[in-house]
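Scroll down for the structure; my scribbles are underneath it.
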Amino acid sequence: MESSERREQQGSLAVFTVLILIIQVLGLTAVILVAVWMGSFRGGFAWQSDPAHEFNYHPVFMVTGMIFLYADAILTYRVFRNVKKTYLKAIHGIIQAVVLILSGVGLKAVFDSHNLNHPPIPNLYSLHSWLGIVTVILFGLQWMSGLISFVFPMLSMGARQMYMPHHIFWGLAILCLAGASALTGITEKALFTDFYSPFKYSGFATETYIINFLGLTIACLVALVVYVVTRPEYKRQPSPEEEHIQLMQ
Ligand code: HEM
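Number 91 in my numbering belongs to position 109 of the sequence shown; there are no gaps in the numbering.
Here is the structure:
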């Protein structure tokens, strides 16, 4: 390899590392901000004995699962470029199984907070809830089709190769939908509280900063993940061994 080419590759790897670090900082910041918002400003957490505070688990679990961990699951192949593909598939799939579990708990919390309220609050009435439920269903379908296609392959190598670009597109599209769900949820929850209403506005409260920074952090994280995944120079190259196996199949 030419030395100028090697320098260029090292430079692009350095930018890549910085981008991944920024994504981690944004993800952790989002989780901390949403936990502080619900824990310190919205009265803390409870389970079914106190449905109003059970709700507070919903944003925390959804942001941790569908935003932070999902982003990291997507980045597995880009970050661990020298690890064997079999291990990468396992990490990618297991993190997303955790995302599904966290989302299940997050949804249970919000449905309980509606159903156990006196009087009960109707379910699935808002744009946020429609977007959110569609996102979770698409996420589940994508996870299942990934499992069928790549982990316990029931498809031929040709079919798998044809499906791969669609899997990548939908993975990113679902992350964008998760971002949109989180932003509509944050706005909706904020507008349920008096201090955020434009009609009762009386200057910036600390909670306003937390809410707005939380939304911005999520938007930046999603944009950066889409950027990293769509840059060809950050794509993992197959090892010689993997290339050999592909040729044999
Ligand atoms: C990817 C993330 C998210 C998804 C997939 C999601 C999904 C959902 C779903 C399906 C519901 C309907 C529950 C029902 O009708 O009983 C809901 C309700 C709700 N969510 Fe989220 N949510 C997400 C994140 C958030 C965040 C970050 C907040 C911020 C506080 C939030 C706030 C709310 C509120 C206030 C409700 C109750 C009102 C309504 O039904 O629209 N959500 N969410």
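Note that the Cβ used here is the ideal one computed from N, Cα and C, for glycine as well.
Considering only Ala79, Phe181, Val207 and Pro104, the residue with the shortest C-alpha distance to Phe151 is Val207. Ile49 is not a Cβ neighbour of Ala162, given a cutoff of 7 Å.
Runs of the alpha helix (DSSP H) lying entirely within the region -5 to 48, each at least 4 residues long, are 33 to 36 and 39 to 44 in chain order.
Approximately 5 Å separates the beta-carbon atoms of Pro33 and Ser95; this is inside 8 Å, confirming the contact. Closest in C-alpha terms to Tyr191, from the list Ser(-6), Ala12, Gln(-9) and Gln6, comes Ala12. With distances taken between CA atoms, Pro222 lies nearest to Asn64 out of Ser111, Asn64, Asn99 and Val116. The shortest CA-to-CA distance from Leu123 to any of Gln78, Ile14 and Glu224 is the one to Gln78. By the criterion of a C-beta distance shorter than 8 Å, Glu170 is surrounded in its chain by Ser108 and His110, once the five residues flanking it on both sides are discounted.
Scanning Leu57, Ser(-6), Glu36 and Gln219 for the CA closest to the CA of Gly88 turns up Glu36.
When C-alpha distances from Leu203 are compared across His74, Arg(-11), Leu51 and Lys90, the shortest belongs to Leu51. Collapsing the DSSP output to three states places Ile103 in coil. The count of Cβ pairs closer than 8 Å, one atom from the region 210 to 220 and one from the region -3 to 12, reaches three, so the stretches are in contact.
Of the residues Ile14, Asp54, Trp29 and Gln6, the one whose Cα lies closest to the Cα of Leu157 is Asp54. In this structure, the beta-carbon distance from Val45 to Val18 does not fall below 7 Å. Between the beta-carbon of Thr166 and that of Leu113 there is about 6 Å, and that keeps the pair under the 8 Å contact cut. In this structure, the C-beta of Glu170 approaches the ligand HEM to less than 6 Å from one of its heavy atoms. According to the DSSP assignment, Tyr145 belongs to the alpha helix (DSSP H) that extends over Met139 to Leu173.
Around the beta-carbon of Trp125, 16 or more other beta-carbon atoms lie within 10 Å, marking it buried. Sequence-distant Cβ neighbours of Glu215 in its own chain, meaning closer than 6 Å and more than five residues away, are Ser(-6).
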